[in-house]
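Engineer: Starting off with a structure, shown below.
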Amino acid sequence: MSGNESDRCSTPEKTKRKRGENSKTYSHKKQNFRQEWLTNKDFSNWLLPVNNNKLLAKCKLCITKTTAELSILKKYAQTKKHKSSMSSIGSRQNSISTFLNNTDQFKLADQTKKTCNVLQNTVFSVIIDESTDVGCVKTMCICVKYFDSTSNFFETRFFKLVQLFEDVQSADKGATGQKIFDEVLKAFTDSKIPLNNLIGN
Numbered sequence: 000m001s002g003n004e005s006d007r008c009s010t011p012e013k014t015k016r017k018r019g020e021n022s023k024t025y026s027h028k029k030q031n032f033r034q035e036w037l038t039n040k041d042f043s044n045w046l047l048p049v050n051n052n053k054l055l056a057k058c059k060l061c062i063t064k065t066t067a068e069l070s071i072l073k074k075y076a077q078t079k080k081h082k083s084s085m086s087s088i089g090s091r092q093n094s095i096s097t098f099l100n101n102t103d104q105f106k107l108a109d110q111t112k113k114t115c116n117v118l119q120n121t122v123f124s125v126i127i128d129e130s131t132d133v134g135c136v137k138t139m140c141i142c143v144k145y146f147d148s149t150s151n152f153f154e155t156r157f158f159k160l161v162q163l164f165e166d167v168q169s170a171d172k173g174a175t176g177q178k179i180f181d182e183v184l185k186a187f188t189d190s191k192i193p194l195n196n197l198i199g200n
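All residue numbers for the sequence shown refer to numbering that gives the first Met the number 0, where the first residue is 0 and numbers rise by one.
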């Protein structure tokens, strides 16, 4: 059989692929994480890059890593686990909104203002707690404890809720001891409370 006849009788590559007999190997070009995905409305609520690995992406709701490819991310967004996490976020946001709408916000603001006035003239100690919510937002709650000469009791009052990081880039640095220390001092100086009034517990 001549070479030309052999070429005409050979099985097409498309047919070979269907049979699993493909003689050619096709390399898949890997995709790097793209920063513009963070502004995409379909991904912005949950997508994060993975440090030191541009080929991976991370879901901050499911705490899951996946390949940083657009088609894979779209498929991941439709998984049962991810949809459950997204619906959980929605219900929590609604419950928080309902709580705030039903709470006397003026009363809370008035109480905070009174606490600031007391701390400007009274020694006090600080109680803080840093927490990360399901949306990976790091928040620090600051409470204060002081002696109330009117009631002759030690009082513990809520002072301020501080979001430690404004964006993903700054959050990568982590909630270090220095970062928390700086934010605590800033919270009091912004409210014009003398730091000399701050004492140990």
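From the three backbone atoms N, C-alpha and C, an ideal C-beta is built for every residue, glycine too.
#1: Does DSSP put residue 130 in a helix, a strand or coil?
#2: Leaving aside the five residues before and after residue 154 along the sequence, list all residues of the same chain whose C-beta is less than 8 Å from its C-beta, in chain order.
#3: Can you name the start and end residues of the alpha helix (DSSP H) that residue 154 belongs to?
#4: Starting from the Cα of residue 126, find the closest Cα among 69, 179, 116 and 151 and give me that residue.
#5: Residues bridged to residue 57 by DSSP?
#6: Roughly how many angstroms separate the alpha carbons of residue 160 and residue 28, rounded to a whole number?
#7: Is the beta carbon of residue 190 closer than 8 Å to that of residue 142?
#8: Round the Cβ separation of residue 76 and residue 41 to the nearest angstrom and send it over; I've been treating them as touching at under 8 Å.
#9: Might you give, ordered along the chain, the residues of its own chain that have their beta carbon closer than 6 Å to the beta carbon of residue 31, omitting 5 neighbours on each side?
#10: Does the distance from the C-beta atom of residue 59 to that of residue 36 stay below 8 Å?
#11: What residues match up with residue 37 in a beta bridge as DSSP calls it?
#12: Any idea if residue 182 is buried or exposed, counting beta-carbon neighbours within 10 angstroms, 16 or more meaning buried?
#13: Please classify residue 111: does DSSP put it in a helix, a strand, or coil?
#14: Alpha carbon to alpha carbon, how far is residue 12 from residue 175? Give it in angstroms, no decimals.
#15: Could you give the first and the last residue of the continuous beta strand (DSSP E) run that contains residue 146?
Structural biologist: A quick look at the data gives this:
#1: The count along the sequence shown starts at 1 and reaches residue 130 at position 131. Strand at residue 130.
#2: Along the sequence shown, read from residue 1 onward, the residue named residue 154 stands at position 155. Closer than 8 Å at Cβ, skipping near neighbours: 144, 145, 146 and 147.
#3: Here the question's residue 154 lines up with position 155 in the sequence shown. Per DSSP, residue 154 belongs to no alpha helix (DSSP H); it is in the beta strand (DSSP E), 152 to 162.
#4: Start at 1 with the first residue of the sequence shown, and residue 126 comes out as number 127. For the residues 69, 179, 116 and 151, the minimum Cα distance to residue 126 belongs to 179.
#5: Counting from 1 along the sequence shown, the entry for residue 57 is found at position 58. Paired residue(s): 47 and 64.
#6: The sequence position of residue 160 within the sequence shown is 161, counting from 1. The sequence position of residue 28 within the sequence shown is 29, counting from 1. If you take the alpha carbons of residue 160 and residue 28, they lie about 46 Å apart.
#7: In the sequence shown, the residue the question calls residue 142 occupies position 143. In the sequence shown, the residue the question calls residue 190 occupies position 191. Result no, Cβ atoms of residue 142 and residue 190 do not sit closer than 8 Å.
#8: For the purposes of this step, residue 76 is taken as residue 77 along the sequence shown, with counting starting at 1. For the purposes of this step, residue 41 is taken as residue 42 along the sequence shown, with counting starting at 1. Contact flag correct, Cβ pair sits at about 6 Å.
#9: Here residue 31 refers to the residue found at position 32 when the sequence shown is read from its first residue. Closer than 6 Å at the Cβ level, and outside the excluded window around residue 31, lie 53.
#10: To locate residue 59, count along the sequence shown from 1; it is residue 60. To locate residue 36, count along the sequence shown from 1; it is residue 37. Not a contact, by the Cβ cut-off of 8 Å.
#11: For this step, residue 37 is matched to residue 38 along the sequence shown. DSSP, once it has assigned bridges, lists no residue as partnering residue 37.
#12: Your numbering for residue 182 matches position 183 in the sequence shown. So residue 182 counts as buried.
#13: By one-based count along the sequence shown, residue 111 stands at place 112. Three-state result, residue 111: helix.
#14: Along the sequence shown, one-based indexing puts residue 175 at 176. Along the sequence shown, one-based indexing puts residue 12 at 13. Rounded to whole angstroms, residue 175 to residue 12 spans 58 Å at the Cα level.
#15: The residue given as residue 146 occupies position 147 in the sequence shown. Looking at the DSSP string, the run of the beta strand (DSSP E) that includes residue 146 is 137 to 147.
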